[in-house]
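Have a look at the structure below before the remarks.
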């Protein structure tokens, strides 16, 4: 079971943030069982990524967390709205550095990380993702990634997601608790609790269970998806303004939710089935992301890992006027 946690995004705006990011990453690596050598490897790579944000980025942000698909691995996401890079291949060459950082550059990050990815658009910014494992263990296979971000200075997000994988089938839920703050978070936590108990049910019945359970809460918008990778289809049911998309190189297809507020008012719930093209990504997000983003303006994004898809959309489509959550699920068998 993968579900959202209390993710803490850190602004990386000046040199004082570099040491804090390095210490946070080293502490998490220690908690994950990394030895001194591996902790040092994580710390140096995170310091370099944070240095790049300070020197080159606009609105640089970093998230350091246990990997959602492997609790003993460390995942780091660095994103910015800076100038971006026209030649990512040169920038990733080991030893390449543009502004006197630690000297290892993105190439050093690639060498020290168990797995990494760079997605950059000139004039739009860069997303760098890193995964670190201990003792040369392989990186987890990335099938899904979800990100949340609370509004303003709130500590908790009222948006939440959950995901279960098994037997070639992926089941996902995203809930946007009404409003924001602790009461909204309580509603979304209740939706996740019901999902954990009943995710084996058909999507329509599962949505009905969530709707009934949220009666005693503030309520929210909820969507449930069941992806059958072997058949190449997804069954989807939503109540309220959670957005669901099938994203591919040529564009995107929207998935339908009915109007209402889970726990309080609803239209007749409906379930829909959609064909899933090869090499596509299933994306669900709250209205903390505008739904006006266009996959065509993100060349090659649909072919990237779910974490890069989620981070890029959170950066470019996310608003600061509401909690935000985005879940990206790879559709390949």
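In full-length UniProt numbering, the protein residues as written are 1 to 333. Here a beta-carbon is modelled for each residue, glycine too, at the ideal position from N, C-alpha and C.
- Taken through DSSP and simplified to helix, strand or coil, residue 106 comes out as helix.
- Residue 255 and residue 184 have their C-alpha atoms some 24 Å from each other.
- Beta-bridge analysis with DSSP links residue 245 to 254 and 283.
- For residue 229 against residue 333, the beta-carbon gap comes to about 4 Å, under 8 Å, which counts as contact.
- Exclusion of the five residues before and after residue 275 leaves 232 and 233 as the residues of its chain whose Cβ lies within less than 7 Å of its Cβ.
- When 158, 28, 235 and 82 are compared, the shortest CA-CA separation from residue 182 is found for 158.
- Nearest C-alpha to residue 261 among 134, 280, 241 and 152: 241.
- Annotation: the stretch 186-248 contains the following complete segments of the beta strand (DSSP E) (minimum length 3 residues), in chain order: 220-228, 233-239 and 243-248.
- Judged by DSSP in its simplified three-state form, residue 47 adopts helix.
- Each of 284, 263, 76 and 320 was checked against the Cα of residue 114, and the nearest Cα belongs to 76.
- The three-state secondary structure of residue 18, taken from DSSP, is helix.
- Contact annotation, residue 206 with residue 195: C-beta distance approximately 7 Å; criterion of less than 8 Å satisfied.
- Here residue 36 carries a helix assignment [DSSP, helix/strand/coil].
- For residue 270, the secondary structure class from DSSP, reduced to helix, strand or coil, is coil.
- For residue 77, the beta-bridge partners assigned by DSSP are 63 and 129.
- By alpha-carbon distance to residue 59, the top candidate from 42, 13 and 74 is 13.
- Cβ-Cβ separation between residue 326 and residue 142: approximately 15 Å, too far for a contact (criterion under 8 Å).
- Proximity to residue 117 across 188, 17, 49 and 56 peaks at 49, based on C-alpha coordinates.
- For residue 312, the uninterrupted alpha helix (DSSP H) segment begins and ends at 306-317.
- Annotation: the continuous beta strand (DSSP E) that includes residue 116 extends over 115-121.
- With respect to residue 46, residue 15 sits apart: the two C-beta atoms are not nearer than 7 Å.
- Look at residue 172 here: in three-state DSSP terms it is strand.
- Taking the Cα positions, residue 112 is about 14 Å away from residue 35.
- By the 16-neighbour rule on beta-carbons within 10 angstroms, residue 287 is buried.
- Here residue 145 carries a strand assignment [DSSP, helix/strand/coil].
- By the criterion of at least three beta-carbon pairs nearer than 8 Å, the stretch 295-313 is not in contact with the stretch 148-163.
- Taking 7 Å as the cut-off, the beta carbon of residue 190 is found closer than this to the beta carbon of residue 214.
- Distance from the CA atom of residue 177 to the CA atom of residue 267, rounded to whole angstroms, is 18 Å.
- Of the other Cβ atoms in all chains shown, fewer than 16 fall within 10 Å of the Cβ of residue 123; this residue is therefore exposed.
- A straight line joining the alpha-carbon of residue 105 with that of residue 2 spans about 32 Å.
- With respect to the C-alpha of residue 31, the residue from 305, 63, 221 and 73 having the closest C-alpha is 73.
- Close CB contacts of residue 121 within its chain, under the 8 Å cut and outside five residues either way in sequence, are with 84, 298 and 299 (chain order).
- Taking every protein chain shown into account, the CB of residue 295 has 16 or more other CB atoms within 10 angstroms, so this residue is buried.
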